[in-house]
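Here the protein sequences come in this chain order: C and D. When we follow our numbering, the leftmost residue of the first sequence carries the number 756, and every step to the right adds one. When we follow our numbering, the leftmost residue of the second sequence carries the number 756, and every step to the right adds one. Where a beta carbon is used, it is the ideal one built from N, C-alpha and C, also for glycine.
2 protein chains.
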Amino acid sequence: MSDLTDGSDKPQKLPKHKEVDKAGVILTGAMQEFIKCGYAAASMDRIAVAAGVSKPTLYSYFRDKAGLFAALIQQMTQGDRKSRLLENDQLLQLPLRDSLKQIATVSLDKLSGKQPLFTLIRLIVGESGRFPALAQTFVRNGEKPMLEELSYLFANHPDVKVGDPEVLARCFHGSIVHYIILQEILHGRDILPMERDRFINGLIDLIVGSDRVPGADMGNG
Amino acid sequence: MSDLTDGSDKPQKLPKHKEVDKAGVILTGAMQEFIKCGYAAASMDRIAVAAGVSKPTLYSYFRDKAGLFAALIQQMTQGDRKSRLLENDQLLQLPLRDSLKQIATVSLDKLSGKQPLFTLIRLIVGESGRFPALAQTFVRNGEKPMLEELSYLFANHPDVKVGDPEVLARCFHGSIVHYIILQEILHGRDILPMERDRFINGLIDLIVGSDRVPGADMGNG
DNA sequence: GTCTATAAGTCGATAGAC
DNA sequence: GTCTATCGACTTATAGAC
Chain C
756 MSDLTDGSDK PQKLPKHKEV DKAGVILTGA MQEFIKCGYA AASMDRIAVA AGVSKPTLYS
816 YFRDKAGLFA ALIQQMTQGD RKSRLLENDQ LLQLPLRDSL KQIATVSLDK LSGKQPLFTL
876 IRLIVGESGR FPALAQTFVR NGEKPMLEEL SYLFANHPDV KVGDPEVLAR CFHGSIVHYI
936 ILQEILHGRD ILPMERDRFI NGLIDLIVGS DRVPGADMGN G
Chain D
756 MSDLTDGSDK PQKLPKHKEV DKAGVILTGA MQEFIKCGYA AASMDRIAVA AGVSKPTLYS
816 YFRDKAGLFA ALIQQMTQGD RKSRLLENDQ LLQLPLRDSL KQIATVSLDK LSGKQPLFTL
876 IRLIVGESGR FPALAQTFVR NGEKPMLEEL SYLFANHPDV KVGDPEVLAR CFHGSIVHYI
936 ILQEILHGRD ILPMERDRFI NGLIDLIVGS DRVPGADMGN G
């Protein structure tokens with residue numbers, strides 16, 4: 756009954772079981788089930804079966820269906836963060852152009868061709884009318900951290916002299932997300948072709964160009 | 756069986772019936788049905804009933820289910836264009852800042868709070884895995900024209916001196932689309948608040964700033 | 001397997017304009 | 001009469017009940 760109504764996003768009591776990553780196994784089973792059935796039609800019983808655990812075990816790791824789904828989103832979107840190559844301090848010390856190229860490249864690498872993730876995103880967007888909290892979990896755990904990291908970068912990097920950091924973050928990240936949506940999720944590659952590197956370079960020129968005299972420094976990578 | 760497999764986007768034989776806009780009536784009924792049931796579960800019979808016409812009449816206006824859906828998308832997304840205030844020539848003669856403000860404002864006005872359109876977009880994204888051609892129809896009829904108009908502007912406006920026009924178009928439009936997705940479709944207003952005018956101004960500063968000395972011309976609107 | 005319900009798409013008849 | 005928009009009834013396919 757507590758279906759997506761309260762803060763199921765917050766970290767839950769995760770009992771420190773033995774060495775095997777049973778939570779991961781459950782998440783894998785849940786992924787299959789959510790992908791196959793959508794959110795509403797997904798059955799906790801089938802998730803338990805798919806994961807090879809009992810229902811009580813399932814509920815000892817995740818409070819409810821909503822909490823399980825939130826954890827799934829977190830796992831997939833935090834993948835962007837745990838494997839990024841640069842720490843915040845480094846990002847501030849490198850030239851802005853290099854930091855942004857790094858972030859854009861990693862973002863696109865993490866997204867391109869990831870069919871399971873696309874399926875999950877389709878599901879979240881598709882059900883965002885009926886299940887607003889589902890979408891909000893995605894915003895909180897996926898988009899917000901990314902935008903905050905970018906805002907911090909734009910607010911504190913010495914190369915950035917003008918511009919609203921939060922808006923810059925939205926434009927940078929939003930352009931990338933829109934690119935992925937158009938090319939991959941909505942299958943627009945053939946209708947609106949756009950090479951990946953051309954897009955990245957153009958986007959970075961747009962952002963960095965604000966503080967650059969045309970022709971002053973074109974050399975990069 | 757021709758379910759979304761061929762060019763159902765192209766204009767169909769539209770018999771020039773009497774003065775009453777029966778096609779519009781059918782589209783309204785189709786909208787209700789698609790919104791209520793999604794694409795796959797939508798029934799042409801129920802659409803006919805909702806529209807108050809017989810099934811053969813329905814098929815005399817639209818080739819098949821896919822063609823009907825494509826027409827629906829076209830109607831909603833072309834709404835963006837038919838009501839825009841400026842022609843291409845005007846856009847090239849005004850200062851770039853003003854043209855972009857115009858486009859951004861109209862785009863956001865046309866999207867903000869439009870629940871039926873959001874429902875349709877959720878449906879398209881949600882079914883884009885199972886029905887790629889559905890999504891491609893949206894890309895062809897909705898996104899492509901907008902991006903082409905912007906590319907033309909960025910390619911030909913005298914204020915634009917550097918930058919890849921097609922990438923600029925994607926960044927400008929992509930930022931706006933991502934803003935709408937986050938704030939409205941995914942219900943992120945409270946999680947990531949961002950005032951509309953602040954966003955528009957920041958976005959335009961980013962684009963126009965490429966060719967502007969900071970502090971030279973802040974006065975606008 | 002059989003039966004029923006409901007789906008997409010088609011055909012011959014009807015009713016009015018000229 | 002012809003022409004055209006329309007509709008009731010039809011065919012075929014499929015998915016689920018039993």
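* How would you label residue 961 of chain C, buried or exposed, when you count the other beta carbons within 10 angstroms and need 16 or more for buried? -> Buried.
* **residue 949 of chain C - DSSP class collapsed to helix/strand/coil** => In the structure shown, residue 949 of chain C adopts coil according to DSSP, grouped into three states.
* Asked: In the structure shown, what three-state DSSP assignment does residue 895 of chain D receive?
  -> In the structure shown, residue 895 of chain D sits in a helix (DSSP, three-state: H, G or I).
* Closer than 7 Å at the beta carbon, the chain D residues around residue 960 of chain C -> The contacting residues are 918.
* Using a Cβ cut-off of 8 Å (strictly closer), state whether residue 832 of chain C contacts chain D. => no
* Work out the CA separation of residue 848 of chain C and residue 824 of chain D for me, nearest whole Å. => 51 Å
* Buried or exposed: where does residue 953 of chain C fall if 16 or more other Cβ atoms within 10 Å of its Cβ makes it buried? -> exposed
* **Sequence ranges, alpha helix (DSSP H) only - wholly within the region 808 to 839 of chain D, length at least 4** => 810 to 816, 820 to 837
* Asked: Which chain D residues are close to residue 926 of chain C, counting only those with a beta carbon under 8 Å from its beta carbon?
  -> 926, 930, 957, 958, 961
* Would you mind giving the Cβ-Cβ distance between residue 930 of chain C and residue 929 of chain D, rounded to the nearest angstrom? I have them listed as a contact below 8 Å. => 4 Å
* Asked: In its own chain, which residues sit with a C-beta less than 6 Å from the C-beta of residue 854 of chain D, not counting the 5 before and 5 after it?
  -> 846
* To do: Confirm, please, whether the CB-CB distance from residue 813 of chain D to residue 782 of chain D is below 8 Å.
  => It is not a contact, given that the beta carbons lie outside the stated cut-off.
* Simplified DSSP assignment, three categories, for residue 794 of chain D -> coil
* Name the chain D residues whose beta carbon is nearer than 8 Å to that of residue 912 of chain C? -> Residues of chain D passing the Cβ test: none, with the nearest at roughly 15 Å.
* To do: Determine, using beta carbons only, whether residue 774 of chain C comes closer than 8 Å to chain D.
  => For residue 774 of chain C, the pLDDT reaches just 48, beneath the cut-off of 50, and the residue's location in the model is therefore unreliable, leaving the point undetermined.
* From D:924, D:785, D:942, D:901, pick the residue whose C-alpha is nearest to that of residue 832 of chain D; which is it? -> D:901
* What in chain D is Cβ-close to residue 949 of chain C, meaning under 9 Å? -> Simply 921, 922, 925.
* **Unbroken alpha helix (DSSP H) run spanning residue 802 of chain C, endpoints** => 799 to 806
* Asked: Alpha carbon to alpha carbon, how far is residue 913 of chain D from residue 872 of chain C?
  -> 42 Å
* Asked: How would you list, in chain order, the residues of chain C whose beta-carbon sits under 8 Å from the beta-carbon of residue 850 of chain D?
  -> Those do not exist, as residue 850 of chain D stays about 18 Å from chain C at its closest Cβ, beyond 8 Å.
* Going along the chain, which residues of its own chain have a beta-carbon closer than 8 Å to the beta-carbon of residue 793 of chain D, five neighbours each way excluded? -> So the list reads 878, 881, 882, once near-sequence residues are dropped.
* At a Cβ threshold of 8 Å, is residue 940 of chain C touching chain D? -> Yes, its Cβ sits closer than 8 Å to a Cβ of chain D.
* Asked: Can you give the Cα-Cα distance for residue 918 of chain D and residue 945 of chain C, rounded to whole angstroms?
  -> 23 Å
* Limits of the unbroken alpha helix (DSSP H) element including residue 921 of chain D -> 920 to 935
* To do: Report the three-state DSSP secondary structure of residue 854 of chain C (helix, strand or coil).
  => helix
* Does residue 890 of chain C get closer than 8 Å to chain D when you measure Cβ to Cβ? -> yes
* Could you give the distance in angstroms between the alpha-carbon of residue 932 of chain C and the alpha-carbon of residue 933 of chain D? -> 7 Å
* Asked: Do residue 942 of chain D and residue 891 of chain C have their C-beta atoms within less than 8 Å of each other?
  -> yes
* Expressed to the nearest angstrom, what Euclidean distance is found between the alpha-carbon atoms of residue 770 of chain D and residue 805 of chain C? -> Since pLDDT at residue 770 of chain D reaches only 49, below the 50 mark, its modelled position is unreliable, and no value is offered.
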